[in-house]
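In my numbering, the protein residues as written are 940 to 2128.
We treat Cβ as the ideally placed atom computed from N, Cα and C, and that holds for glycine.
In what follows, a single structure is set out as structure tokens and then discussed.
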């Protein structure tokens, strides 16, 4: 057996240790032999004084008081040992060691003190005595195994660990120790295989059960995978998991922990008659305080920060009238405005309809019988004018009484829609550009409409009582939940406005007449469903996507009381509370855990529902956070917070104030999922547009805060301090990052020093990309990519090497690669005939350019002179436009560049070609859908315009197309388009398109060149990860990537499905035959070409390269068609993608063999879940995917 790396310890078992006691190797095997002979002796059966440290029972069953002296001594020993005061600990322990037959635990503690101080003779002597007295004491045997390992006697260590596991078959520390011994001995393949299995058993326990041994097992299992070269997939799985654990602050066990394991721990004795752990404390509330005096007849209220000052404001409904009470900071001054005089009948929701980018002001949506009304907050309010005014855009009538509604971005276009239920059934009202938009000139743009999008969604048509939105299956799209007399409907989003009803299967035909509460109650990463009942409420735990188990929990929630979920005591577990008339309410602490505890608050005369639990005060950067129970009492809104004294001894936990702001997604962040891990505390929260206060127990900080935005972007922060400090210290915290999620694969080439980023490639081949709903972009499946001679150099092996990588949230299907070597005169340049355009696609051709005219003046639509920026390819770009941020990323206000050339330079040219170099900030499917539904926002590719006789600028032909992604050059024949006398034209568009150099080729396309084509010499598909981005210095510069640095935090998971196996894939790239390489996020393909047979470059010539690629790419944008999985596979004869119902991927024997032989690698989940239960599932899935030896 040969390791792929030199022998090394699998875990941190120490270095530079002193020589082991010379007697250890002599006596230990003999003692172990005695132990292994089957002695049934135990510590309790040996002679000596009765051990009453843990108490005992008399014949009558009465409890005997324990001897307190050994207890106190062991308490002090544990404290001194933890403080590394070893001499004092040994002195405290000595009277117990001086007994005729000391307890095994005391001898083991003495041995551990010896290990701590490096006195191995002392440690060995105490272990020897312990095993002589108690041959089967697991703690003594474990310590002996550690001593043997430290002495380098792994055979003896192995025997000792084997004996421990006979006595304690499930002990994780002994499994890790035995695996280490087997690894070090390396006597056979079977030993290494057993080491793998032992470590996988511990890793399979998960962190919650395996504790620190889980971390060590992950670390050591990764070491075996690496040292025995088990393949990139296996190595990556273990490395990813260990890195995730490190990011959360978890490390492999240290020296002292390894020495003690789980069976030889120097710990205080357990309190007599008690058990570890504690239940929630049924706390009391402080006396109520008045937050606000309210109008008479107030029956409903809502709380949120309406004006962006971080002070919660109050909205009330009294006798159908809606009033807004805007509270100044600290809540001392209140300005009350009546928004609606009468008619409010149902819920009130808040939304940022106008997606204000300079503030956080919210608008009101109010149910009024059979209709919904929106009141928009004005940006400028003059004295005497209302702050909220009716929206000028009406919402369609629904034809029945509204019972409930929620805001939701169901189509992922960055604008909030409305999910409404009532006597008419369930409806989706789609926001097609309703919000007010102002262009760069300050002019108000036309507004869109609300569109009923219910029909394709196949929502229930029968009356529905309530509605909820959530992402039940964690696939980054929004699922809809509602119920009525006809049953429960759990609508699983299939994307593009379609849903599948899973309600009957999920809940077994149950009917929920009362609105449930949806939260992750048990912390497994999946939302659960609490269904209130007046006698016995039920919690439906979701154990896997769409699989629910009903658990009656006994809570009696009175009819008419709507429960709310919160963590009022900040212990990190989700509680439930509900109003009880005449009291401060009741609830269930830690509702989803086995330690759930009922709580009933005291009497409160006049208190009525509804109830909310919120932070009603302005967050204090220097004070503690607190949530309060808010209810109505007469004409007051009252608040009550937990009484700290009633929470003793633990007290109120710590908490973190979180507020998230969307950019690409809706500004309120509705639909994002936040996960918080703080030690053993885990919370998953579906954001509904308001700030969250998240309890983290007694932890001082959260190890990880992860937010998964609706568009799939994952944002993580480590070591976030409790309180509101993060919001003040890091203004960017919680803001959704703008950046690429999908565009196309990347190409790197060896330039003699490193692999240089060239560009994104096969960008003309997007699969399932809509320009508007129902209108798809036809993919152009082949591309020639220019690589300059200075970017690709022959390496020491005589090879030209390139790396083709998939680093975005995409699948790539690569069918063909070839390298064309072009030798051409030094005074000429070559360019491929490529650009992103609609059919007919450009024909393959190599443009040669030897003489150009440069613009003598360039003026932008912004009035600025941009001449200097367009003279050379120097990464300085004109930007004569205002970007459309947010959901229109990649688009801009209409803009143009006017270029003027010297007429004399083009007058005699027989052929005039536009040579335009630049880059495009890729939009995506959701941007296109949003633009298609928003008046005044259009996707207009570059158009060349000239002046007519009247002086008006008019198109000279069809759109030119544009560079497909990062910096590329396109060459277009414009001989018949440009007026030679004026030599002036414009190029205009609405794309975020940055031109670097624009010139006119005024030569014939006839320069000589020589082509040598190379097929790949060798290929290797492998798992690499993701390059670190090189943050651009200016907005006009593209985002490049650094091959030499990979990010420690993966960005996204691979599409579900099967990918090409790792290794050589030469035969799949030899011809265009639909037998392609399938690559997922984090994959890399190394391609080598033999340069030794290339001819020498002729004198006066230079060498450049064209890389020919054939294939497709598909992203996972919510609006991309067939975006969720690797399948369906594309093929060259398809009419489009998705292909027609009468088309299918070829099913010939050759294609079946390709699938069976090559597409064998399951998808990899790069992102390790934060939920302990989901993390354990991830580990077990990784183990299951590991090839068996």
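- Assignment of residue 1734 by DSSP, reduced to helix, strand and coil, places it in the coil class.
- Residue 2088: member of the alpha helix (DSSP H) spanning 2088-2097, first to last residue.
- Cβ atoms of residue 2029 and residue 1786 stay farther apart than 8 Å, at about 28 Å.
- The straight-line gap separating the alpha-carbon atoms of residue 1441 and residue 1607 is approximately 28 Å.
- Here the region 1395-1404 does not lie against the region 1883-1892, with fewer than 3 beta-carbon pairs under 8 Å apart.
- Beyond the five residues adjoining it in sequence on each side, residue 1355 comes within less than 8 Å, by CB distance, of 1290, 1291, 1292, 1346, 1347, 1348, 1370, 1605, 1607, 1609 in the same chain, given in chain order.
- Distance between residue 1953 and residue 1910, taken at the CA atoms: about 25 Å.
- Sorting 1303, 1285, 2046, 1633 by C-alpha distance to the C-alpha of residue 1253 places 1303 at the top.
- Secondary structure of residue 1170 (DSSP, three-state): coil.
- The beta carbon of residue 1866 lies closer than 7 Å to those of 1826, 1827, 1828, 1829, 1830 in the same chain, with the five residues before and after it left out.
- Taking a contact to require three or more Cβ pairs closer than 8 Å, the region 1125-1132 and the region 1074-1088 do not qualify as touching.
- Leaving aside the five residues that flank residue 2074 on each side, the residues in its chain whose CB is nearer than 7 Å to its CB run, in chain order, 2082.
- Assignment of residue 1196 by DSSP, reduced to helix, strand and coil, places it in the helix class.
- Looking at the DSSP output, residue 1936 shares a beta bridge with 1856.
- Spatial neighbours of residue 1875 in its own chain (CB-CB distance under 6 Å, excluding positions within 5 residues in sequence) are listed in chain order as 1384, 1385.
- If you look at residue 1082, you'll find it in the alpha helix (DSSP H) that goes 1077-1089.
- Taking the Cα positions, residue 1633 is about 16 Å away from residue 1551.
- Taking residue 1976 as reference, the option from 1860, 2024, 2011 with the minimal CA-CA separation is 1860.
- In this structure, the CA atom of residue 1413 is about 30 Å from the CA atom of residue 2070.
- Checking the DSSP bridge columns, you'll see residue 1488 partnered with 1480.
- Judged by pairs of C-beta atoms under 8 Å, the region 1219-1231 does not touch the region 1136-1143, as fewer than three such pairs exist.
- The beta-bridge partner set that DSSP reports for residue 1749 consists of 2054.
- Proximity to residue 1331 across 1726, 1435, 1430, 1317 peaks at 1317, based on C-alpha coordinates.
- Here residue 1722 has 1700, 1701, 1703, 1773, 2048 as same chain residues with Cβ atoms under 7 Å from its own Cβ, once five neighbours each way along the sequence are excluded.
- The continuous stretches of alpha helix (DSSP H) do not include residue 1366, which lies in the beta strand (DSSP E) extending over residues 1364-1371.
- Of 1554, 1902, 1769, the smallest CA-CA separation from residue 1597 is found for 1554.
- Beyond the five residues adjoining it in sequence on each side, residue 1493 comes within less than 7 Å, by CB distance, of 1475 in the same chain, given in chain order.
- Counted as a single uninterrupted DSSP element, the beta strand (DSSP E) harbouring residue 1553 occupies residues 1546-1553.
- For the 9 Å CB-CB criterion, residue 1869 and residue 1372 form a contact.
- A straight-line Cα-Cα distance of about 14 Å links residue 1272 and residue 1246.
- In this structure, the beta-carbon distance from residue 1501 to residue 1471 falls below 9 Å.
- Between residue 1663 and residue 1564, the gap from beta carbon to beta carbon is short of 9 Å.
- DSSP lists 1797, 1924 as the beta-bridge partner residues of residue 1838.
- A direct Cα-to-Cα measurement between residue 1612 and residue 1409 gives close to 9 Å.
- Along the length of the region 1856-1880, whole alpha helix (DSSP H) runs at least 4 residues long occupy 1864-1871, reported in chain order.
- DSSP links residue 1653 through a beta bridge to 1647.
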